[in-house]
Amino acid sequence: MKFWGYPRSEGRPGIRNHVLILPTCACGSESSRIVASQVRGAVNIVFNTGCSDVAANTAMSQKVLTGFACNPNVYGVVIIGLGCETVGHRQLKEKIQKMTSKPVVSFGIQDEGGTLKTIEKAVRAARDLAMEAGMQQKEMFDISELLLGIECGGSDATSGIASNPAVGELSDILVDMGASAMMSESIEWIGGEHVLAKRAANREVHDQIIDVCRKYEDHLKAAGQDCRAGQPTPGNKAGGLSTLDEKSL
542 MKFWGYPRSE GRPGIRNHVL ILPTCACGSE SSRIVASQVR GAVNIVFNTG
592 CSDVAANTAM SQKVLTGFAC NPNVYGVVII GLGCETVGHR QLKEKIQKMT
642 SKPVVSFGIQ DEGGTLKTIE KAVRAARDLA MEAGMQQKEM FDISELLLGI
692 ECGGSDATSG IASNPAVGEL SDILVDMGAS AMMSESIEWI GGEHVLAKRA
742 ANREVHDQII DVCRKYEDHL KAAGQDCRAG QPTPGNKAGG LSTLDEKSL
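In case it helps, the numbering used here puts the sequence shown at residues 542 to 790.
The structure is reproduced here in structure tokens:
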């Protein structure tokens, strides 16, 4: 089986062809939102850290932001920083360019003379990238190049009897054909991790699934907290869920 996608010089093809407006800190997040709102085909993320971080947090921030930029669904990147943050926009640009050949431009609000000037320049750069992205042609790829991302979208009483089984069935079909699937929010496996672990490819993977949940619960207990105190959320309860176990299934 094959599918249509956008070719990338490294890694998997993209299903989408976005221009990513990427802030390096909280102070650049609002500017990135405004820029994305002015450019068709652009998307932004909200990043509320990146300033006054310790070394480990800075490294993690750089890793996460670089990961967004390298996502196959991203054609090119416009970085917006403030100029005095821990995760500098020039430094992040260099890291991204070491991992991908995608077009990347960056702006610093302090360097450009303020927020309005930065937004103006970033909008122009994003529009140029969006025009380039619009010229790119899709190609056919083998199903083995497809990665299905699975994310919780707000659980209620129907999730376990409708949407979750449907997504699971789709995942099984695609994986059997040679594709891959990835789930986020692993902490929401808690209460149903034993069901997932039974389907593990081997004992090592089985133990890793159980371990992810156990370590998270132990981490919270060490701080005197219980993950079930905040789960299910008020919205989940309003939708008919009463326990974390129900939500995980």
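In this text, a Cβ means the ideal position worked out from N, Cα and C, and glycines have one as well.
Own chain partners of residue i with C-beta closer than 7 Å, once the 5 adjacent residues on each side are dropped
i, result
"Ile575", "Ile660"
"Val716", "Ala722"
"Lys662", "Phe648, Glu653"
Beta-carbon gap between residue i and residue j smaller than 8 Å
i, j, result
"Ile731", "Ala741", "no"
"Thr641", "Ala610", "yes"
"Ile620", "Lys634", "yes"
Own chain, CB closer than 6 Å to residue i, minus 5 neighbours either side, in chain order
i, result
"Gly617", "Val560, Lys643, Pro644, Leu670"
"Asp697", "Gly780, Gly781"
"Cys592", "Cys566, Glu626, Thr627"
"Tyr757", "Ile728"
Exposed unless 16 or more other CB atoms sit within 10 angstroms - verdict on residue i
i, result
"Gln772", "buried"
"Leu657", "exposed"
"Ser550", "exposed"
"Ala597", "exposed"
"Ala674", "buried"
Spatially closest choice to residue i from the options, by CA coordinates
i, options, result
"His735", "Asn589, Asp594, Leu790", "Leu790"
"Thr699", "Val587, Glu551, Lys788", "Lys788"
"Ile556", "Val615, Asp767, Gly608", "Val615"
"Leu689", "Ala720, Gly776, Thr784", "Ala720"
"Arg668", "Ser570, Ala770, Arg581, Lys604", "Arg581"
Pairwise C-alpha distance: residue j and residue i
i, j, result
"Ser647", "Ala764", "40 Å"
"Gly622", "His630", "5 Å"
"Met718", "His747", "23 Å"
"Lys778", "Gly733", "18 Å"
"Ser704", "Asp752", "27 Å"
"Arg744", "Leu606", "33 Å"
"Cys754", "Leu711", "25 Å"
"Met672", "Ile586", "21 Å"
"Ile702", "Asp767", "27 Å"
Own chain residues within Cβ distance below 8 Å of residue i, not counting five before or after
i, result
"Pro554", "Gly546, Tyr547, Pro548, Pro613, Glu680, Phe682, Glu686"
"Val584", "His559, Val560, Leu561, Ile562, Ala577"
"Ser725", "Gly690, Ile691, Glu692, Cys693"
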